[in-house]
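**Q** One structure is given below, represented as structure tokens, and several questions about it will come after.
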Amino acid sequence: ILNVEQSPQSLHVQEGDSTNFTCSFPSSNFYALHWYRWETAKSPEALFVMTLNGDEKKKGRISATLNTKEGYSYLYIKGSQPEDSATYLCAFENLRAGTALIFGKGTTLSVSS
Amino acid sequence: DSGVTQTPKHLITATGQRVTLRCSPRSGDLSVYWYQQSLDQGLQFLIQYYNGEERAKGNILERFSAQQFPDLHSELNLSSLELGDSALYFCASSTSPNEQFFGPGTRLTVL
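Residue numbers (my numbering), protein chains in the order written: chain W, 1014 to 1126; chain G, 2 to 112.
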């Protein structure tokens, strides 16, 4: 069974705070790690796809790192804004499972102004 | 807007019934994936089609089936519905192996 674990389950921060979440995944047969942002009443939106150990991706105030040897990825948000409030999902692609994504349960971020 | 469309948006039905969910992928995308989001569960992969053929299967119940048509739209058929089948069903499409675009989902409620 391939499990993707995300922590924390939920997080509440103040506007301007920086924060980070963790995604843990099986390190064997790794193919790719995805981060999605999912706002209430909308569909998941892709943030990053990372494939190489040591990958770092950045989009505005959001960045992510990847360690495939130890099986974890971090998502960082710098200077959180209320519009960053959403559930952040990570998903793992495994060589044996083809291109289907195995999702964690997500970290729900709430940013107060 | 991801370019993936799903209909209907909401569906309410009774136990024992059968429903069909429809998905139109982004223009040019050959792969279609179906996912289920139940209460307290993460998105669970159900099944993938590529250019009309089944490519991968996840935790899909035998009561569920899917197909992809020549115009690349896909349908997910759910039969003998049970209360536990109530969930949000997402369709996603992709061209490259690495990026999937999600539709708005169909919320199924089984009473």
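All residues carry an ideal CB built from backbone N, CA and C; glycine is no exception.
In this text, all values refer to a predicted model and were calculated from it rather than measured experimentally.
If we count the other Cβ atoms within 10 Å of its Cβ and call it buried at 16 or more, is T8 (chain G) buried or exposed?
**A** The residue in question, T8 (chain G), is exposed, as its Cβ has fewer than 16 Cβ neighbours within 10 Å.
**Q** At a Cβ threshold of 8 angstroms, is S1020 (chain W) touching chain G?
**A** Not one chain G Cβ lies under 8 angstroms of S1020 (chain W).
**Q** Tell me the DSSP secondary structure of L84 (chain G) in three-state form.
**A** Three-state DSSP puts L84 (chain G) in a helix.
**Q** Does the CB of K1118 (chain W) have a neighbour CB from chain G at under 8 angstroms?
**A** Interface residue, yes.
**Q** Would you mind reading off the limits of the beta strand (DSSP E) that contains I61 (chain G)?
**A** Taken as a continuous stretch (DSSP letters only), I61 (chain G) belongs to no beta strand (DSSP E), as it is neither H nor E.
**Q** Does A1099 (chain W) get closer than 8 angstroms to chain G when you measure Cβ to Cβ?
**A** By this cut-off, A1099 (chain W) is not an interface position.
**Q** Grouping DSSP H, G and I as helix and E and B as strand, with all else coil, what is L1024 (chain W)?
**A** It is a strand residue.
**Q** Which one or two residues does DSSP pair with S1098 (chain W) in a beta bridge?
**A** None, per the DSSP bridge assignment.
**Q** Which residues in the same chain as H11 (chain G) place their Cβ atom closer than 7 angstroms to its Cβ, once the five residues preceding and following it in sequence are excluded?
**A** Only R108 meet the Cβ criterion.
**Q** Quick one: does P105 (chain G) have its CB under 8 angstroms from some CB of chain W?
**A** Judged by the 8 angstroms Cβ criterion, P105 (chain G) is in contact with chain W.
**Q** Is the shortest distance between the beta-carbon of F46 (chain G) and the beta-carbons of chain W less than 8 angstroms?
**A** Taking Cβ atoms only, chain W reaches closer than 8 angstroms to F46 (chain G), which makes this a yes.
**Q** Would the region 1044–1063 of chain W and the region 12–32 of chain G be scored as touching if the rule is three or more Cβ pairs under 8 angstroms?
**A** Short answer: they don't touch.
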